[in-house]
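>
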Amino acid sequence: MHAHDLTPGKSSRPAGTRHRIVIVGAGSAGIATASSLKKRRADLDIALIDPADAHYYQPGWTMVGGGVFDARSTVRAMASVIPGGVQWIKSRVTAFDPEANAVILENGRVVGYDQLVVCPGLSLDWSAIEGLNETLGANGVTSNYRYDLAPYTWRLVQRLETGKALFTQPPMPIKCAGAPQKALYLSCDHWLKQGRQGSIETRFYNPGSVLFGVADYVPALMSYMKKYAVGLMFSHTLVAVDGPNQRATFLRTHKDGTTETVVETFDMLHVVPPQVAPEFIRTSALVDAAGWVDVDPTTLRHRTFANIHALGDVINTTNAKTMAAARKQAPVVAINVLVSLGLLTERAAYDGYGSCPLTVARGQVVLAEFLYGGKLAPSFPRWILEGRKPSRLAWLLKARVLAPFYWHCMLKGREWLAASSRLDKDARR
Numbered sequence: 055m056h057a058h059d060l061t062p063g064k065s066s067r068p069a070g071t072r073h074r075i076v077i078v079g080a081g082s083a084g085i086a087t088a089s090s091l092k093k094r095r096a097d098l099d100i101a102l103i104d105p106a107d108a109h110y111y112q113p114g115w116t117m118v119g120g121g122v123f124d125a126r127s128t129v130r131a132m133a134s135v136i137p138g139g140v141q142w143i144k145s146r147v148t149a150f151d152p153e154a155n156a157v158i159l160e161n162g163r164v165v166g167y168d169q170l171v172v173c174p175g176l177s178l179d180w181s182a183i184e185g186l187n188e189t190l191g192a193n194g195v196t197s198n199y200r201y202d203l204a205p206y207t208w209r210l211v212q213r214l215e216t217g218k219a220l221f222t223q224p225p226m227p228i229k230c231a232g233a234p235q236k237a238l239y240l241s242c243d244h245w246l247k248q249g250r251q252g253s254i255e256t257r258f259y260n261p262g263s264v265l266f267g268v269a270d271y272v273p274a275l276m277s278y279m280k281k282y283a284v285g286l287m288f289s290h291t292l293v294a295v296d297g298p299n300q301r302a303t304f305l306r307t308h309k310d311g312t313t314e315t316v317v318e319t320f321d322m323l324h325v326v327p328p329q330v331a332p333e334f335i336r337t338s339a340l341v342d343a344a345g346w347v348d349v350d351p352t353t354l355r356h357r358t359f360a361n362i363h364a365l366g367d368v369i370n371t372t373n374a375k376t377m378a379a380a381r382k383q384a385p386v387v388a389i390n391v392l393v394s395l396g397l398l399t400e401r402a403a404y405d406g407y408g409s410c411p412l413t414v415a416r417g418q419v420v421l422a423e424f425l426y427g428g429k430l431a432p433s434f435p436r437w438i439l440e441g442r443k444p445s446r447l448a449w450l451l452k453a454r455v456l457a458p459f460y461w462h463c464m465l466k467g468r469e470w471l472a473a474s475s476r477l478d479k480d481a482r483r
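Its first residue numbered 55, the sequence shown is counted upward by one per residue in our numbering.
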């Protein structure tokens with residue numbers, strides 16, 4: 055399908071406000087893109103649409119659940135991170151009208167654009183697991199995927215002396231695919247150091263058949279699973295939770311495709327819910343058959359609408375959905391939007407970079423970095439940091455460097471370690 059060069063204003067919709075660039079979503083991807091645009095053209099007319107009062111550094115929640123970070127260090131007022139000169143429209147988008155170059159807000163207000171950037175993140179589908187909503191934050195049921203629950207994870211880890219601890223991962227795609235394991239590793243590390251590991255039966259439930267999607271990192275991760283004596287339960291998907299009776303129900307899929315229901319008791323249950331694009335995205339004309347925004351994987355431009363780009367967790371590219379991916383994508387989208395506006399000439403290319411610092415123990419991290427297709431993409435020479443092995447240096451990067459880097463560099467348009475390549479001439483169009 056070829057991209058269409060749409061002309062603004064061909065619609066009967068009532069006139070509303072209009073901006074040269076409209077960005078939907080003020081998470082990591084949206085703020086970084088707005089800052090990257092402003093860095094290149096300070097006079098750009100940009101509106102950022104998001105209803106949230108707070109902005110979160112979500113990669114820090116695993117560390118909160120492991121007793122390393124305080125939860126309050128991972129949140130700031132949204133107003134404090136909106137780039138200067140960018141208009142913040144504090145509202146919720148309910149629909150898109152790409153033929154009219156407009157988005158519709160919850161109060162019916164219409165906001166027009168010349169260029170649209172879509173990056174609202176994804177939605178955590180807690181209700182997809184029967185009984186989960188009713189017991190989250192109680193009965194030993196927790197999740198590091200929520201700001202208010204990550205501290206509860208750490209309280210459970212500290213209190214548990216004997217019993218059974220279950221950690222789950224949902225079907226892909228999810229954001230930060232290593233996070234379900236990170237919760238387990240940091241918990242087990244604490245129990246091991248407290249002399250409790252032998253008294254706590256720990257299991258990891260994964261609907262897939264492999265521990266991690268990039269094979270080069272699996273040996274190091276498996277060594278820690280063995281060290282912590284974790285029972286690996288592949289082909290298991292959590293489908294229901296009975297909090298008061300502390301029972302978890304899984305659907306086990308056999309090699310021949312048949313399934314069976316498996317019920318397990320627990321004393322602690324760390325849940326990661328299934329994840330989908332937000333409803334206003336799934337019901338729009340922007341998505342593919344699976345419900346994700348349909349973009350070219352290299353330029354991040356929409357496959358149908360030439361004046362729409364998208365990035366972050368909501369797109370249908372095959373890269374890992376991580377903050378590191380958004381960090382690399384933001385300059386690409388900023389440059390390509392400016393090319394579309396005629397303000398730059400060379401389009402940028404995204405190579406699928408993603409990163410996952412896998413905290414296998416307090417003080418040890420396996421720094422997974424890779425491109426499309428699982429090709430390794432280390433940021434440092436191996437003599438400095440060998441990403442396929444646990445490293446103290448990678449831990450210091452995760453524990454001390456990445457959060458300040460996020461707040462003061464990524465969100466400010468300082469694109470260190472985020473340079474993008476330019477498209478080859480024969481790939482330009």
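From the three backbone atoms N, C-alpha and C, an ideal C-beta is built for every residue, glycine too. Everything numeric in this text was worked out from a predicted model, so none of it was measured.
Where do the N-terminal and C-terminal ends of the beta strand (DSSP E) with G166 fall, by residue?
Walking along the sequence shown from the start, residue 166 turns up at place 112. Segment 164-172, the beta strand (DSSP E) holding G166.
> Among H290, A360, F320, M322, which has the Cα closest to the Cα of K309?
Within the sequence shown, the letter at position 255 stands for residue 309. Out of H290, A360, F320, M322, H290 has the C-alpha closest to the C-alpha of K309.
> What number of angstroms, rounded off, separates the C-alpha of I77 from the C-alpha of S197?
Here residue 77 corresponds to residue number 23 of the sequence shown, with the count starting at 1. Here residue 197 corresponds to residue number 143 of the sequence shown, with the count starting at 1. Distance between the alpha carbons of I77 and S197 is about 30 Å.
> Three-state secondary structure (DSSP) at K443?
Within the sequence shown, residue 443 is the residue found at index 389, counting from 1. Residue state, collapsed to three classes: coil.
> Scan the segment 237-276 and note each continuous beta strand (DSSP E) run of 3 residues or more that stays entirely inside, going in chain order.
Correct list: 254-260.
> Leaving out the 5 sequence neighbours to the left and right, which residues in its chain are closer than 7 Å to Y282 when beta-carbon positions are compared?
Locating residue 282 in the sequence shown gives position 228, counting from the first residue. Result list for Y282: C242, L246, Q251, T256, in chain order.
> Write down the C-beta distance between L425 and V386 rounded to the nearest angstrom, noting that I regard them as a contact closer than 8 Å.
Position 371 of the sequence shown, counted from the first residue, corresponds to residue 425. Position 332 of the sequence shown, counted from the first residue, corresponds to residue 386. L425 to V386, Cβ: 13 Å. No contact.
> Classify M226: buried if its beta carbon has 16 or more other beta carbons within 10 angstroms, exposed otherwise.
The residue labelled residue 226 in the question sits at position 172 within the sequence shown. Under this definition M226 is an exposed residue.
> Using the rule of at least 16 other Cβ atoms within 10 Å of the residue's Cβ for burial, across every protein chain shown, is A156 buried or exposed?
Taking the sequence shown and counting its residues from 1, the one referred to as residue 156 is at position 102. So A156 counts as buried.
> Based on Cα-Cα distance, which residue from A86, V414, T371 lies nearest to Y239?
Mapped onto the sequence shown, residue 239 falls at position 185. When only C-alpha atoms are compared, the closest one is V414.
> Just to confirm the assignment, what range does the alpha helix (DSSP H) spanning K93 have?
As a position in the sequence shown, residue 93 is number 39, starting the count at 1. Taken as a continuous stretch (DSSP letters only), the alpha helix (DSSP H) holding K93 covers 82-94.
> Where does I389 sit, in a helix, a strand or coil, going by DSSP?
The residue you call residue 389 lines up with position 335 of the sequence shown. In the structure shown, I389 sits in a helix (DSSP, three-state: H, G or I).
> Under the rule that 16 or more other beta-carbon atoms within 10 Å means buried, what is I103, buried or exposed?
For the purposes of this step, residue 103 is taken as residue 49 along the sequence shown, with counting starting at 1. Looking at its Cβ environment, which holds 16 or more other Cβ atoms inside 10 Å, I103 is buried.
> With a 10 Å radius around its C-beta and 16 neighbouring C-beta atoms as the bar for buried, classify R476 as buried or exposed.
Within the sequence shown, the letter at position 422 stands for residue 476. Its Cβ having fewer than 16 others within 10 Å, R476 is exposed.
> Which same chain residues end up closer than 8 Å to V347 when comparing Cβ atoms and leaving out the 5 residues on each side of it in sequence?
Position 293 of the sequence shown, counted from the start, is the residue given in the question as residue 347. For V347, where only same-chain residues beyond five positions count, the Cβ hits under 8 Å are V172, A331, I335, L340, V341, H356, A364, V368, I369, N370.
> Could you spell out the range, first to last residue, of the beta strand (DSSP E) harbouring T413?
Within the sequence shown, the letter at position 359 stands for residue 413. It spans 408-415 - the beta strand (DSSP E) in which T413 sits, taken as one unbroken run.
> Kindly list the residues whose CB is nearer than 6 Å to the CB of A388, restricted to its own chain and excluding five residues on each side of it in sequence; keep chain order.
Against the sequence shown, residue 388 aligns to sequence position 334. Closer than 6 Å at the Cβ level, and outside the excluded window around A388, lie T87, S90, L91.
> Would DSSP call V211 helix, strand or coil?
As a position in the sequence shown, residue 211 is number 157, starting the count at 1. Helix.
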